Amino acid sequence: MRFGANMNDPHKSIDLNGWKTKRYLVQMEWNSVVVAGQSRVVRSIPFRPKIEKKKTKSVEKRRTGRPRRFTEHEERWIVRKITYNPKTGAVKLTLKAQQRFNKSANSETVRNILRKYNFHGRVARRKPFLSKAHRRARLEFAKSCIKKPPEFWNSVLFVDESKYNFFESDGKQMVWRKPNSEVEMKSLTSSGGGSQMVWSCMSAVGVGNLRFIDGMMDGSVLIL
1 MRFGANMNDP HKSIDLNGWK TKRYLVQMEW NSVVVAGQSR VVRSIPFRPK
51 IEKKKTKSVE KRRTGRPRRF TEHEERWIVR KITYNPKTGA VKLTLKAQQR
101 FNKSANSETV RNILRKYNFH GRVARRKPFL SKAHRRARLE FAKSCIKKPP
151 EFWNSVLFVD ESKYNFFESD GKQMVWRKPN SEVEMKSLTS SGGGSQMVWS
201 CMSAVGVGNL RFIDGMMDGS VLIL
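So the sequence shown is numbered by UniProt numbering: it starts at 1 and just counts up by one.
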């Protein structure tokens, strides 16, 4: 359906079938009776945008569905928090977001935001016992021993200790992380407290005795 954009100029016309055209007519404050008569449509059709304008103070077409809770800027803030501390739970992170942005939200909304940015809840891997200094020292030791003869290893004593729980594990620590990032330091969890520490050694001759350690591990315990 075509209609003249100017009453005195019938050569200029626009299509009345689209919502944008009706919105334009309302913004130009054209009379709905005239629009309906010239376009040969029911009066209520061009009048609907006017009703919408009175209700919402706008002629923009309303979107379907529930509006988003957080803006993109607020979602990036949530992602930065979980990147800084991946062990933060979704419930705790939701409370922080509510306090900062003064918005009520469900923890599932925060989980959906994290999944949107490719973060997923996983069980954290156990952190290795070695610190950066330990790894650096052992790497230097390994490089210095690459060309050692077999006789050298006959005089080397390897020692190690380990912890065993009496009843059950220390529990699982959940962490939010991206795929293939399970061994990053932030995605790891500590090995937990102690139940019973044991110590032993081995050499080219054989395996040493198993020792139970009470208290802290120090140099005096290394005496066989």
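Don't be surprised by glycine CBs; every beta carbon is placed ideally from N, CA and C. Quick caveat, the model's predicted, so the values are computed rather than measured.
### 9 Å Cβ cutoff met for Ile78 and Ile113
Remark: C-beta atoms of Ile78 and Ile113 approach each other more closely than 9 Å.
### Task
With DSSP as the reference, please indicate the residues paired to Val159 in a beta bridge.
Paired residue(s): Cys201.
### Query
How big is the Cα-Cα spacing for Asn118 and Lys81?
So the two alpha carbons sit approximately 15 Å from each other.
### Message
Three Cβ pairs or more, each shorter than 8 Å: is that satisfied between the stretch 199-208 and the stretch 147-165?
### Response
As far as the Cβ criterion goes, the stretch 199-208 touches the stretch 147-165, which means the pair count is three or higher.
### Query
If Pro86 and Arg177 are in contact, beta carbons under 8 Å, what's the gap, nearest whole angstrom?
With a contact defined as Cβ atoms closer than 8 Å, Pro86 and Arg177 qualify at about 5 Å.
### Query
From the beta carbon of Gly206, is the nearest beta carbon of chain B less than 9 Å away?
Included in the structure is just one protein chain, with no chain B present.
#### Entry: Identity of the residues DSSP links to Ile213 by a beta bridge
Under DSSP, Ile213 shares a beta bridge with Met197.
### Query
Would you call the CB atoms of Phe89 and Met174 closer than 9 Å?
Per the sequence shown, residue 89 should be read as Gly rather than Phe. With contacts defined by Cβ atoms closer than 9 Å, Gly89 and Met174 form a contacting pair.
#### Entry: Contacts around Arg69, its chain only, beta-carbon distance under 7 Å, and the 5 residues preceding and following it disregarded
So the list reads Lys103, Ala105 and Thr109, once near-sequence residues are dropped.
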